[in-house]
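Residue numbers (the UniProt record's numbering): 1 to 143.
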């Protein structure tokens, strides 16, 4: 196996883990709305998830572990995707905060500041910011 094959394999596994985490959020309330389905379809293409993998993950999202990225910026980008899925119905409450908190911890954010991070993420989503703005604001929230 070449180095590039190893990298591609690890990249695909990470994307599957990320996608399965988002699917878990989407189905947490028991059903998959049309808006959630459309979001998943777009994300599937962005993460290079095949149709067969997509169906497999929808059938069993717990099969793939959450693989937190090592770079802080990548963690924030994944938090953005997860936050958007939690907020897809434009409803925020204790359940949504609890779900996002669990995933933020799984992504490697520290327990000491995870509540502040989740609150900031939701406030940015309510402002309908894009990914670049989200990343910038999250990186500079303590300044």
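Glycine included, C-beta positions come from ideal geometry on N, C-alpha and C.
With H, G and I counted as helix, E and B as strand and the rest as coil, what does DSSP make of residue 61? As a first step, residue 61 must be located in the chain shown, where it is residue number 61. Correct three-state label for residue 61: helix.
Report the residue from 79, 140, 141, 137 whose alpha carbon sits nearest the alpha carbon of residue 102. Position 102 of the chain shown, counted from the first residue, corresponds to residue 102. When only C-alpha atoms are compared, the closest one is 79.
Please report how far the alpha carbon of residue 95 lies from the alpha carbon of residue 66, in whole angstroms. Residue mapping note: residue 95 aligns to position 95 of the chain shown, counting from 1. Residue mapping note: residue 66 aligns to position 66 of the chain shown, counting from 1. Whole-angstrom Cα-Cα distance: 20 Å.
So, at 7 Å on beta carbons, what are the nonlocal neighbours of residue 99 in its own chain, with the 5 sequence-adjacent residues on each side left out? Your numbering for residue 99 matches position 99 in the chain shown. So the qualifying residues of the chain are 25, 28, 86.
Would you report the Cα separation of residue 76 and residue 23, rounded to the nearest angstrom? Translated into positions along the chain shown, residue 76 becomes position 76. Translated into positions along the chain shown, residue 23 becomes position 23. Those two C-alpha atoms are separated by around 18 Å.
Report, in whole angstroms, the separation of the C-beta atoms of residue 18 and residue 47, which I expect to be a contact under 8 Å. Residue numbering aside, residue 18 sits at position 18 when the chain shown is read from its first letter. Residue numbering aside, residue 47 sits at position 47 when the chain shown is read from its first letter. Right, the Cβ-Cβ distance comes to about 7 Å (below 8 Å), so this counts as a contact.
On the CB-based measure, 16 or more other CB atoms within 10 Å of its CB, does residue 13 come out buried or exposed? By one-based count along the chain shown, residue 13 stands at place 13. By the beta-carbon neighbour count (other beta carbons within 10 angstroms, threshold 16), residue 13 is exposed.
Taking a contact to mean a Cβ-Cβ separation below 9 Å, would you say residue 32 touches residue 69 in this structure? Against the chain shown, residue 32 aligns to sequence position 32. Against the chain shown, residue 69 aligns to sequence position 69. With respect to the 9 Å criterion, residue 32 and residue 69 are not classified as neighbours on the basis of their beta carbons.
Could you tell me which whole alpha helix (DSSP H) segments of length 4 or greater appear in the UniProt domain "Co-chaperone DjlA N-terminal" (21-57)? Those alpha helix (DSSP H) runs which fall completely within the UniProt domain "Co-chaperone DjlA N-terminal" (21-57) and span 4+ residues are 34-46.
With H, G and I counted as helix, E and B as strand and the rest as coil, what does DSSP make of residue 129? The count along the chain shown starts at 1 and reaches residue 129 at position 129. Here DSSP, grouped into helix, strand and coil, assigns residue 129 to coil.
Excluding five sequence neighbours on each side, which residues of the same chain lie with their C-beta closer than 7 Å to the C-beta of residue 97? Walking along the chain shown from the start, residue 97 turns up at place 97. The answer, listed in chain order, is 118.
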